[in-house]
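A.B. asks: Below: one structure in structure tokens.
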Amino acid sequence: MMNKRQLSIKNIWLICIVLACSFNMTPELAHTQSRLHSPVNHALGGGGTAYIDSYQANFVNPANLMLNSGRDTRFTIGILGSTGGSLGGSLANINVYNQYLTSGLAIQDDLASEMLTKWFGTADEEVRSFGLSADHIPLGFAYRNEKWGMAFAARSRLIANASPNKGVAELFIHGPDPQYFSSGKPVNLKIESLVFTEISFGIAGTSSILSEIVDSGRNTKFYVGAAPKLILSQHSGKFDLQSNLQVQPAGTSQNARIYHDFNYLMEFSGSTARQLNQYQYDRRILNQDVSMDDYLEFSGSDFYGFQSAGFGIDLGATVEMNMNGILPDAGVFRGDKFLRISLSLNDLGIVRFGKNSNVFRGSGVVDWRGIEHNQETIDQHFNGDTGAYYESVLKDSIGSDIYGNFRTLENETVSRNLPASLNAGAHLKAGRFGLMLDAGKGFNNVGINSRRIYASLGTEYRFFGIWPLRAGIRTGGFSSSSLHFGTGLEFRNFEFSFSGSTVPSSGRYGSAAGAAWSGIIIHF
Amino acid sequence: MKYYSNILLFAGITFLFFIQCEKPGSPDFSLSRTIEFPLLQERTVSFLGSSDALIDTTTDSFTGLFTLDEDYFVTLSRDVEFNFDNLDHAVPDIIFEPEQFDAKIGPIRIKEFSSETPVAEVTFEELTGISSDSFQPGDLIPAGSTPVPVNISLETDYFVSARIIEGGISLELTNTLGVDISVLTLVLNSGETETGSVQFQNLNHGTSQNQTLQLPADVILEQLNASLTVSWGSQELQDTPDNFTVNQLIGDQLTASEIVAVIDQQEFTYRNQIGIAVDEFNYTSPEHYVEVKSGSLNVSEIENNLDLDLELFQLSFPGIRTYPFTPSDTLVVRLENDHQLSGKTLITDVPPIDLGGLRIYGNNNQVEYHLFVRTEDTRSESAAIPRTVNANDGLKTAMGIISFQMAEAFGIVSPRSFFLNKRDPAGTPGTIDLQNRNEARVIELEGLQDFSGKVTGIEFTDASITVKYKTNIGIPYTMIGAFAGYTENGEVIYLSGLQGTQAYVEDAGKATGLLAGGVQLGQSKLVRIPVDPLQTGQNTGSFTFNRKNSNVTEFLNKVPSEIHFIGKADVNRDQLEGRVQNPVEFSPVMIVDIPLSLKSLDEANYKDTFEQNLSELPDQEGDNQIEEGILYIVYHNRLPVGATLQFNFLDYNQNIITTLPAIGDKPIELSPSETDQSGFSTGQGFIDQTAISLSREQLLSLHRTEFIQYTLGLDSFGDDEVRLRATDTISFSVSSKFILNSTIN
């Protein structure tokens, strides 16, 4: 026989599992976000809108700077760096991968088409993505009291993704085979990367007016907060190719033909932008016979050097309701009880790169019917070496003159939107047990941010009051539903934690993985 | 315990979550990609052209190999010079006979006998026997005559003696006696011998008269004196009597065969000819000549028997002329002044006279020369000394034309026959052997060598060999010779003239000594090349072996890479007038013309091997393997010739690795264009696609390839003759299709 408290725990877990399974069955309803990869919110399925406090709240919900203001420690400092990240996406479809690419199958003909349909769908335009989002908070500081709270934090972020369409995959699997490309197919590929650093200053306070409106502030507290941030841009890279490829076979009276109608956009910052700009200037303006290889030289400063500055802001509001007396006070639920409901707007702002960046656009049509044999050119410029001439045609004429024939868009600089999102969350705490539910929607598709709604459900139990075990489920986003787990040690004046996540089944929208650790957080 | 159970429950659920998580397995799959890629755009190449043509005629081996007519019809043409070593025999040896002559002075002319005048005087009393003192002017002198002939001595300081051949002595007398003489008789005595007399009529006072006393032949004159007898009529003495004088003695056409005297200047001449041998060259016209390249006229000795110095010794040769070779440009040799010949001397140091650049005319093979001699005038000497000169005295001279080399001869060169090739001393005397590379002229047909040995079964229908020559030999002659063609396969074929044509050697005897492997060549292996510059009036000419006069088509269809030639020259058999120069220039060029009009292509093949290392191609060890490779060639052939291709890929030891197309595969064919009645492509051409397919096994074995051998089986649209033009083109585009297997594990 189970007692009442045991039944409650089981019911809660059952609710969690049922919710998780229901989200897993309807993944298109929920997607992830990329606000912060702290081990706590990562372990809770990427949520934490109503849970994350102290200086990390600057990046999740600044109103949460007021959370736990009743504790006897008012200051929090994070050292050694909180680091976390997630990667994956619909392109990382381990399910299809394991089914077709790990058992020695010959991927060709119908089997190849079947695999690609499962991976990319039926439409040629279908796009699958692989994203990466990582951040690192080397330093954070927070202070709170009953009336207000403030925090300062610096965060470095890396956001990247690659999004090929089905045509790219078909080209990889089949090659330029007229059987598949005779009528023309879109071959699109988008690759982006973004590195920047945020210096965030958050402040929050209690909205006594709203609190009074609700219930005279006796059982309900209403917090609001804002965290403006200085955005120091470091690196931006973007390549966005849109093209259509047609391959016609050789006939009895005509040669084979490859027709590639393409246009692409490139955005780069730092030395890469300058090198590409110089290349296109020498080639297009000065009409010099140059090779791009002679211009591109990697520079590490493109990733750590600051290029320009921009501004952003995170906003949030949290309602904290006292649930003592409402929920049963027994078993694992014994102790303080409250329900927090939060709403936040995150990553509102633009990463600007200013004059240290360039936007390039190239377009053209490759109507390739073979090398045009020009004996006069071979004799005069290649000393009769036909092979060298052919190599030059392929490398220079096709490579540089057509595909490399991009131009700098004058007066255009690179500006990248932050992965802005709207998030809502709830946190029910009952003694050592906690349950979190979050949902949100991105305003753009930067990194692993998505315009589509995501949902996450997480739970926490604190053993001995210092050992939290956290688990969560996130469904949607850039991958299939993922499972999250985290733990750590949280003492009165000291804590650290870590988390990990993975996807149980990537068959529909791909796999993902993530991890985070908190560094050392000190309260005093 | 309840805490632990909760922990276990939480941990268990978490564990279950994670163990069911997907984990990617190790990749293990293979891909079969098809890569179809256009390699070469449509490229149109003409049959002939520069580097952008099917055959690059600008390469060294093909330079000048192809010629075109106005229709761009192509002729494979190779010019090869084949000079001869032994043409000096065409130059006739001109041999001038040595000449000696004895030029005599002949009758010696006598003019003056004395340097003084008068040569004698007689007084009135001596002549009349009357004392002049008895009479005064106006006195009457009775008629009378000289009682006794008066002998007077004649003053002849120039003259000692002479044997007279003919002529007389002119006597001039002056009468200053004061009386007129009716008749005067003068008897001239040689010593005491009367040699003759002369009468003067009416020799009046104060006048002079001349009379010539003719002397009898062969009379000897010496110690001259005269006897005078006069008669006069009665008359008054006209003046005081003075002497009667003999003013002078002058020879009148007086010559002597021998004389001792102070001789005045004598002149005599001599003319004769220098003979030229008629063995090799004949002058039959005054226009014929030999121009001297080098040589000299050498007067080896002159012996002057005269007791007289020779003021002038002049030899002139009307037949030896300097430029511009007119008769007035005669060569004249003079010895005079400081070089004059002294009397009674023999000289042998006359400098030779260079004849270089001169022409020697010698009608009937005789070179005429004239001698003119003028002696000294001994009277001019301060102390005149009588000389003794005999009419038979004179000059003995020896001369000749030595070290002669001919530059040019115009006349009739005597017929001759000689080998054109230089004989190998180790060979059989009197023969030239075609197989002896030291004797035969070996002609390598560059360019054709590339085809020889690679081509079989081709029949050129209108091939020819033209021997085109430039020569300075202006006389007709004939070359009798043998052309033996050697193919790369060692096959030998002879060019032979067809009977009844100019190229046929009618008289096999003229080829005596022309051997092949020690065996005398017969008529079927000989050709005749007439060389007759007189026909063209130019110094160039040609003779063509074509299918009408020879088996040249069969000869060249073997595509010989090397031709051996031996021959003889039969010069001026008809003894026609002509011109020969030294050195002899005879620069024959063999022009092999093979118009690309082809027939019977069904049997024709072109086979070649070139080096090609394909070691970079994948082998069986690689992850990526080409399962199949196909080259698609879309062509538009406007050539009247098509081809079926076969490739053999060979390893280092030239063993076959694989063959394309494989047995049972579709042949690789390029169909020919349709032709018109003349055999030219109609220009519409033939459009089709052919494919070269390689299986996986073939592809995997290709990396061992070191050589590629290909065979073109030629083909034409019909059975008729086809003709290739330089402007015929073939267009083709190439694309590739590779099925690439990749294994990833």
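Chains as they are written, first to last, in the working numbering: chain A, 1 to 524; chain B, 1001 to 1745. Each residue gets a CB set at the ideal place from its N, CA and C atoms; glycine is no exception. Predicted model, so just to flag it, every value in this text is computed and none were measured.
With DSSP run on the structure shown, which of helix, strand or coil describes Asp-379(A)?
C.D. replies: Three-state result, Asp-379(A): helix.
A.B. asks: Just the Cα atoms here: how many angstroms apart are Val-1122(B) and Gly-1251(B)?
C.D. replies: Answer to the nearest angstrom: the Cα atoms are 22 Å apart.
A.B. asks: With DSSP as the reference, label Glu-1303(B) as helix, strand or coil.
C.D. replies: If DSSP states are grouped into helix, strand and coil, Glu-1303(B) belongs with the strands.
A.B. asks: Check whether the region 1177–1191 of chain B touches the region 1227–1243 of chain B, counting contact only when three or more Cβ pairs, one atom from each stretch, lie closer than 8 Å.
C.D. replies: Touching, yes, given that three or more Cβ pairs across the two stretches are closer than 8 Å.
A.B. asks: Work out the CA separation of Gly-1497(B) and Asn-1551(B) for me, nearest whole Å.
C.D. replies: Straight-line Cα distance between these residues: approximately 7 Å.
A.B. asks: So, at 6 Å on beta carbons, what are the nonlocal neighbours of Pro-1118(B) in its own chain, with the 5 sequence-adjacent residues on each side left out?
C.D. replies: Here the set comprises Thr-1245, Val-1246, Asn-1247.
A.B. asks: Could you give the distance in angstroms between the alpha-carbon of Val-40(A) and the alpha-carbon of Gly-486(A)?
C.D. replies: Distance between the alpha carbons of Val-40(A) and Gly-486(A) is about 7 Å.
A.B. asks: Taking the alpha helix (DSSP H) that Gln-179(A) falls in, what are its first and last residues?
C.D. replies: Start and end: 178–181.
A.B. asks: Smallest Cα separation from Glu-1336(B): which of Gly-1356(B), Pro-1352(B), Gln-1314(B), Leu-1346(B)?
C.D. replies: Selected option, being the one with the closest Cα: Gln-1314(B).
A.B. asks: If we ignore side chains and look at the alpha-carbon of each, how far apart do Tyr-390(A) and Ile-371(A) end up?
C.D. replies: One C-alpha to the other measures close to 7 Å.
A.B. asks: For Ile-1165(B), which residues from the same chain have a beta carbon less than 8 Å from its beta carbon, with the 5 sequence-adjacent residues on both sides left out?
C.D. replies: Cβ within range, chain order: Pro-1107, Ala-1217, Asp-1218, Thr-1255, Ala-1256, Ser-1257, Ala-1391.
A.B. asks: Does DSSP put Leu-7(A) in a helix, a strand or coil?
C.D. replies: The predicted position of Leu-7(A) is uncertain, since its pLDDT is 37 and thus under 50; no value can be drawn from it.
A.B. asks: What number of angstroms, rounded off, separates the C-alpha of Leu-1614(B) from the C-alpha of Arg-1043(B)?
C.D. replies: Cα to Cα, Leu-1614(B) sits roughly 25 Å from Arg-1043(B).
A.B. asks: Tell me whether Asn-417(A) sits in a helix, a strand or coil according to DSSP, three-state version.
C.D. replies: The answer is strand: DSSP assigns Asn-417(A) an E or B state.
A.B. asks: Tell me which residues of the region 1666–1688 of chain B have at least one Cβ-Cβ distance to chain A shorter than 9 Å, keeping chain order.
C.D. replies: From the region 1666–1688 of chain B, only Ile-1687, Asp-1688 have a Cβ closer than 9 Å to chain A.
A.B. asks: Which residues in the same chain as Asp-1676(B) place their Cβ atom closer than 7 Å to its Cβ, once the five residues preceding and following it in sequence are excluded?
C.D. replies: Contacts found: Thr-1682.
A.B. asks: Below 9 Å on C-beta distance, what does Ser-103(A) contact in chain B?
C.D. replies: The answer, in chain order, is Gly-1025, Asp-1028, Phe-1029.
A.B. asks: Tell me where the beta strand (DSSP E) around Ala-1398(B) begins and ends.
C.D. replies: Its beta strand (DSSP E) spans residues 1394–1413.
A.B. asks: Per DSSP, Pro-228(A) forms a beta bridge with which residues?
C.D. replies: DSSP lists Ile-313(A) as partners of Pro-228(A).
A.B. asks: In angstroms, rounded to a whole number, what distance separates the CA positions of Phe-1738(B) and Glu-1036(B)?
C.D. replies: Their backbone Cα atoms lie some 6 Å apart in a straight line.
A.B. asks: Taking the C-alpha atoms as reference points, what is the distance between Ser-1050(B) and Asn-356(A)?
C.D. replies: Their Cα atoms are separated by approximately 53 Å.
A.B. asks: Can you tell me whether Gly-544(A) is helix, strand or coil according to DSSP?
C.D. replies: Given a span of 1 to 524 for chain A in the structure shown, any question on residue 544(A) remains unanswerable.
A.B. asks: Does the distance from the CB of Gly-131(A) to the CB of Ala-162(A) come in under 9 Å?
C.D. replies: A contact, by the Cβ cut-off of 9 Å.
A.B. asks: Tell me the DSSP bridge mates of Asp-1056(B)?
C.D. replies: According to DSSP, which records beta bridges pairwise, Asp-1056(B) is partnered with Gly-1049(B).
A.B. asks: Here's the rule: buried if 16 or more other CB atoms are within 10 angstroms of the residue's CB, otherwise exposed. What is Gln-1266(B)?
C.D. replies: Gln-1266(B) comes out buried.
A.B. asks: Would you say Tyr-403(A) lies against chain B (beta-carbon separation less than 9 Å)?
C.D. replies: Chain B contact via Cβ: absent.
A.B. asks: Please list, in chain order, the residues of the region 232–253 of chain A that have any C-beta partner in chain B closer than 8 Å.
C.D. replies: Against chain B - using a Cβ distance shorter than 8 Å - the residues of the region 232–253 of chain A are Val-247, Pro-249, Ala-250, Gly-251, Thr-252, Ser-253.
A.B. asks: Using the C-alpha atoms, what's the distance from Leu-1040(B) back to Asn-1605(B)?
C.D. replies: Those two C-alpha atoms are separated by around 27 Å.
A.B. asks: Relative to the alpha-carbon of Leu-1645(B), which residue among Ile-1668(B), Phe-1159(B), Ser-1197(B) has its alpha-carbon at the smallest distance?
C.D. replies: Residue Ile-1668(B) is the option with its Cα nearest to Leu-1645(B).
A.B. asks: For the region 1492–1534 of chain B, which segments carrying the beta strand (DSSP E) assignment without a break, of at least 3 residues, lie completely within its bounds, in sequence order?
C.D. replies: Complete beta strand (DSSP E) runs here, min 3: 1492–1495, 1514–1516, 1527–1531.
A.B. asks: Once DSSP output is grouped into helix, strand and coil, what is the label at Asn-1363(B)?
C.D. replies: It is helical.
A.B. asks: Closer than 7 Å by C-beta to Pro-176(A): which residues in its own chain qualify, once you throw out the five before and the five after it? Chain order, please.
C.D. replies: Here the set comprises Val-247, Ile-258.
A.B. asks: State yes or no: is the beta carbon of Leu-1039(B) nearer than 9 Å to at least one beta carbon in chain A?
C.D. replies: Closer than 9 Å to some Cβ of chain A, the Cβ of Leu-1039(B) qualifies, so yes.
A.B. asks: Going along the chain, which residues of the region 368–389 of chain A sit with their C-beta nearer than 8 Å to a C-beta in chain B?
C.D. replies: The region 368–389 of chain A vs chain B, Cβ under 8 Å: Trp-368, Arg-369, Gly-370, Ile-371, Glu-372, His-373, Gln-375, Glu-376, Ile-378, Asp-379, Gly-384.
A.B. asks: Relative to the C-alpha of Arg-452(A), which residue among Gly-387(A), Gly-434(A), Ala-204(A), Thr-475(A) is closest?
C.D. replies: The shortest Cα separation from Arg-452(A) among Gly-387(A), Gly-434(A), Ala-204(A), Thr-475(A) belongs to Thr-475(A).
A.B. asks: So, Thr-1397(B) versus Glu-1303(B), is the Cβ gap smaller than 9 Å?
C.D. replies: Their beta carbons are under 9 Å apart, which means Thr-1397(B) touches Glu-1303(B) by this criterion.
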